[in-house]
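Below: the structure, in structure tokens.
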Amino acid sequence: MQPGDEPVPLIEVDELEKTFRVARHHQGFFGAFRNLVSREYREVRAVGGITFAIEAGEMVGCIGPNGAGKSTTIKMLTGILVPSAGRVEVFGMVPHRRRTDVARRIGVVFGQRTQLWWDLPLVESLDLLRYIYRVPESRFRENLDQFRALLDLDPFLNTPVRQLSLGQRMRGDLAAALLHDPEIVYLDEPTIGLDVVAKHRIRDFLRRINRERGVTILLTTHDMIDIEQLCSRLLIIDHGKLLYDGGLEKIRGRFGTERTLVVDLAEGEVEDSAPLAVLYAREVRADGPRRWLRFSRDDTTAADLIATVASRYRLRDLSIEEPEIEAIIRRIYEGNW
Amino acid sequence: MSTRLYWEIGKRAFQRQLAYRTANLAGLFTNACFGYLRGSVFIALYQTERSIGGYDVSAAVTFTWVTQALIMVVFLWGWWDVEETIRTGDVVSDLAKPFSYLGFWLARDYGRALYHLLFRCCPILLIGEVMFGLRWPTSPVTWAALALSLTLAVAISFAWRFTLNLTAFWTTDARGIGGLASILSTLLCGLLVPLPYFPDTVRRVVEALPFAGILQIPADVFLERVTGAGLLLALGQQALWAGVMLGATQLLVMAATRRVVVQGG
Chain A
0 MQPGDEPVPL IEVDELEKTF RVARHHQGFF GAFRNLVSRE YREVRAVGGI TFAIEAGEMV
60 GCIGPNGAGK STTIKMLTGI LVPSAGRVEV FGMVPHRRRT DVARRIGVVF GQRTQLWWDL
120 PLVESLDLLR YIYRVPESRF RENLDQFRAL LDLDPFLNTP VRQLSLGQRM RGDLAAALLH
180 DPEIVYLDEP TIGLDVVAKH RIRDFLRRIN RERGVTILLT THDMIDIEQL CSRLLIIDHG
240 KLLYDGGLEK IRGRFGTERT LVVDLAEGEV EDSAPLAVLY AREVRADGPR RWLRFSRDDT
300 TAADLIATVA SRYRLRDLSI EEPEIEAIIR RIYEGNW
Chain B
0 MSTRLYWEIG KRAFQRQLAY RTANLAGLFT NACFGYLRGS VFIALYQTER SIGGYDVSAA
60 VTFTWVTQAL IMVVFLWGWW DVEETIRTGD VVSDLAKPFS YLGFWLARDY GRALYHLLFR
120 CCPILLIGEV MFGLRWPTSP VTWAALALSL TLAVAISFAW RFTLNLTAFW TTDARGIGGL
180 ASILSTLLCG LLVPLPYFPD TVRRVVEALP FAGILQIPAD VFLERVTGAG LLLALGQQAL
240 WAGVMLGATQ LLVMAATRRV VVQGG
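Read top to bottom, the protein sequences are chains A and B.
For reference, each letter of the first sequence is one residue, going 0 to 336 in numbering that gives the first Met the number 0.
For reference, each letter of the second sequence is one residue, going 0 to 264 in numbering that gives the first Met the number 0.
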């Protein structure tokens, strides 16, 4: 690297687009015949111009409603899908042109699928990966031993995969995706359908893999807790567009400008039904003496608001509620932040 | 080379069949029943004829049991393992692997075929021997030629089945095509009757088709109906079709993966 050069990102995506042609089906009995003779297609834009870059060692979470384009993006990053437009580079290579070269250096888990051999004991699927990726025997043993401990695989290592619980299978799939020391791991909904304990175990594992081995991780999820506990960076995708790319804290600042001051009024301070009248804040909820006042960062500070309210009413208690991240995300999807 | 990889894949395909012992027993019973039925029909047929198409009664009965025994080795009907992965989307895991997609499935099929050779073909031949008495090969050369012929038969049948499965990349109803395909292969492989039973002009065509290499040629090798130069020619025909069809299949795989690529699968 020349002095002064920027570090080259591991993953670079530039104005990436993917449009599918979907056959339009005619309804009803005669419609079925029309389907046979004339096929009409409509274009569905799954990914509509996404740009981002991921550096080595990052752990990035990607969220978005079903059909937002997350999985399609991951498939383009692995080279299984060819983009309709735009540019994608992984390790400086175009994935769909050099799928095999890219495949050697990445691991993928599609949460609703499995790469494990259904009828065979888990260990057989894991062992086969040694030959698929040509991992040296000693390195393979080392990795397998570590994953056995971290993911607690031993109780079901010799059980046929079809008999595993969803959580056990996911642990097996995670081990399978990582045995060949990939530099990047793509996880498409790795915690889907799992109970709290299983989710916790998998998050612990991912955190360690990222910190101790420096594996770059891009995961998609619907579970904000995955993001809050794992990812320093968040991508929000909806309708094929990147709505947000940044830290979790920043998102509260940018989209969650409204906070709520909750006050408990002293007894007999106001009539039960009378709303509080305070400049820059509006009462959004009342429950007896407890009142919720919503205010925006743009209008006033929390300190000023508290001072104003306290000077006008006698208070017993107060607290400030930050907006819940889920609520913010929901408002971003709905397009009214 | 990654010979070891494909060996390991084949080994696992063999192992996974072991999970279906009951299914194999049921299939064994069915194959034996039809062997008995077909054998009896042929014996009745030969009440009036000494020889049909060059087969006398013991050759015809042996032909029946050999083809019956090989049905599952070449997996004549209803193999939809690949189509299923395409339909469910599990295919993405296989496509995200650094190996040959065709090689992966071919290795799996050889592992499976070996299982069916040992646990389906051999028992059926023994049952046929007990019930009817078969005409066994007399020369060690025949056994060697048979091994080669079966290896090529599996390759040809695999290429045919794999092609049918790959249509799932284009249509959501690949199995519909499969119905027609199994009638074709039943007739053209020589399962229903030996191909030499057909009238001469038809016979010349069907004997040259790849389907002949799936059952007819291995059975004729077993019966030592083809020997010397004829044997080499028969094996050569199988090898040629195996090469051509696997080559074509590879082209189809490339077109199909481009298709996933364009259409999203």
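Each residue gets a CB set at the ideal place from its N, CA and C atoms; glycine is no exception.
Bear in mind that the values here come from a model prediction, so they are computed numbers and not experimental data.
Please work out which residues of its chain come closer than 6 Å, Cβ to Cβ, to residue i, disregarding the five sequence neighbours upstream and downstream, and give them in chain order.
| i | result |
| --- | --- |
| A:Glu343 | Missing from the structure shown is residue 343 of chain A; chain A here goes from 0 to 336 and no further. |
| B:Gly292 | Here chain B covers residues 0 to 264 and nothing more, so residue 292 of chain B does not appear. |
| B:Trp78 | Arg160 |
| A:Gly192 | Leu165 |
| A:Arg315 | Asp263 and Ala265 |
| A:Thr72 | Val46 |
| A:Leu177 | Gly106 |
| B:Val261 | The predicted position of B:Val261 is uncertain, since its pLDDT is 46 and thus under 50; no value can be drawn from it. |
| A:Trp336 | Low confidence applies here, because A:Trp336 scores a pLDDT of 49, under 50, leaving its location unreliable; read the following figure in that light. Excluding sequence neighbours, A:Trp336 sits near Phe254 and Arg330. |
| B:Gly132 | none |
| B:Gly264 | Confidence at B:Gly264 is low in this model, with a pLDDT of 36, below 50, so its placement is unreliable and no value can be given for it. |
Residue i bridges to which residues according to DSSP?
| i | result |
| --- | --- |
| A:Met92 | A:Val89 |
| A:Ile216 | A:Met58 and A:Val184 |
| A:Phe294 | A:Arg258 and A:Ala280 |
| B:Arg20 | According to DSSP, B:Arg20 bridges with nothing at all. |
| A:Ile236 | A:Leu241 |
| A:Val43 | A:Phe19 |
| A:Phe51 | A:Val12 |
| B:Ile51 | B:Tyr54 |
| A:Ala285 | A:Arg290 |
| A:Leu264 | A:Leu314 |
| A:Ile319 | A:Leu260 |
Let me make sure I understand the geometry here. Which of the options has the alpha-carbon closest to that of residue i?
| i | options | result |
| --- | --- | --- |
| B:Pro122 | B:Thr137, B:Cys32, B:Leu191 and B:Leu145 | B:Cys32 |
| A:Met75 | A:Tyr130, A:Asn65 and A:Ile49 | A:Ile49 |
| A:Gly78 | A:Val89, A:His95, A:Ala84 and A:Val283 | A:His95 |
| B:Leu232 | B:Ala247, B:Gly242, B:Ile216 and B:Val243 | B:Ile216 |
| A:Asp118 | A:Ala22, A:Gln145 and A:Arg168 | A:Arg168 |
| A:Thr333 | A:Ala273, A:Ala285, A:Leu242 and A:Arg202 | Looking at the sequence provided, one finds Glu at residue 333 of chain A rather than Thr. Among A:Ala273, A:Ala285, A:Leu242 and A:Arg202, the Cα nearest to that of A:Glu333 is on A:Leu242. |
| A:Asp18 | A:Arg41, A:Leu149, A:Ile10 and A:Phe155 | Rather than Asp, the amino acid found at residue 18 of chain A in this sequence is Thr. Of A:Arg41, A:Leu149, A:Ile10 and A:Phe155, the residue nearest in Cα terms is A:Arg41. |
| A:Tyr279 | A:Ile328, A:Leu292 and A:Gly246 | A:Leu292 |
| A:Arg329 | A:Phe294, A:Asp237 and A:Leu317 | A:Asp237 |
| A:Glu320 | A:Met58, A:Ser124, A:Val261 and A:Arg281 | A:Val261 |
| A:Arg44 | A:Val59, A:His179, A:Ile53 and A:Ala84 | A:Ala84 |
| B:Arg119 | B:Arg174, B:Tyr19 and B:Glu82 | B:Tyr19 |
| A:Asp203 | A:Val134, A:Ala22, A:Asp100 and A:Leu229 | A:Leu229 |
| A:Val7 | A:Ser70, A:Leu149 and A:Met92 | A:Met92 |
| B:Ile70 | B:Phe41, B:Thr47 and B:Thr29 | B:Thr29 |
| A:His179 | A:Gln162, A:Leu218, A:Arg133 and A:Phe294 | A:Arg133 |
| A:Gly110 | A:Thr190, A:Ala55, A:Glu268 and A:Glu136 | A:Thr190 |
| A:Ala285 | A:Thr307, A:Thr259 and A:Asp303 | A:Thr259 |
Would you mind sorting residue i into buried or exposed? The rule is 16 or more other CB atoms within 10 Å of its CB.
| i | result |
| --- | --- |
| A:Asn209 | buried |
| A:Met0 | Only weak support is given to the placement of A:Met0: the predicted model assigns it a pLDDT of 44, under 50, and the question is left unresolved by the model. |
| B:Met253 | exposed |
| B:Thr2 | exposed |
| A:Gly239 | buried |
| B:Thr166 | buried |
| A:Lys249 | exposed |
| B:Pro209 | buried |
| A:Thr338 | This structure cannot speak to residue 338 of chain A, because chain A is shown only from 0 to 336. |
| A:Ser124 | buried |
| A:Gln26 | exposed |
| A:Pro274 | exposed |
| B:Phe74 | buried |
| B:Trp104 | buried |
| A:Val184 | buried |
| A:Arg138 | exposed |
Going by beta carbon distance, what residues of the same chain come within less than 7 Å of residue i, once the five residues before and after it are set aside?
| i | result |
| --- | --- |
| B:Gly212 | Leu151, Ala152, Ile155, Gln236, Gln237 and Trp240 |
| B:Thr141 | Val220 and Glu223 |
| A:Arg206 | Leu229 |
| A:Met58 | Asn209, Ile216, Leu229, Cys230 and Ser231 |
| A:Asp298 | Tyr279 |
Given residue i, which residues of its chain have a CB within under 8 Å of its CB, disregarding the five upstream and five downstream residues?
| i | result |
| --- | --- |
| B:Gly178 | none |
| A:Met223 | Ile62, Ile324, Glu325 and Ile328 |
| B:Thr170 | Ile176 |
| B:Ala144 | Val220, Leu230 and Leu234 |
| A:Glu337 | With chain A represented from 0 up to 336, any question about residue 337 of chain A goes unanswered, as that position is not in the structure. |
| B:Tyr100 | Asp93, Leu94, Val252 and Thr256 |
| A:Leu163 | Leu121, Phe155 and Gly171 |
| A:Tyr312 | Val262, Leu264, Ala265, Glu268, Val269 and Leu275 |
| B:Leu116 | Val72 and Leu149 |
Practice problem: Run through the region 80 to 166 of chain A for me and flag every whole alpha helix (DSSP H) of 4 or more residues, listed as ranges in chain order. | Solution: 98 to 103, 121 to 131 and 136 to 149
Quiz prompt | Residue ranges of each alpha helix (DSSP H) within the region 144 to 198 of chain B, 4 or longer | solution = 173 to 187
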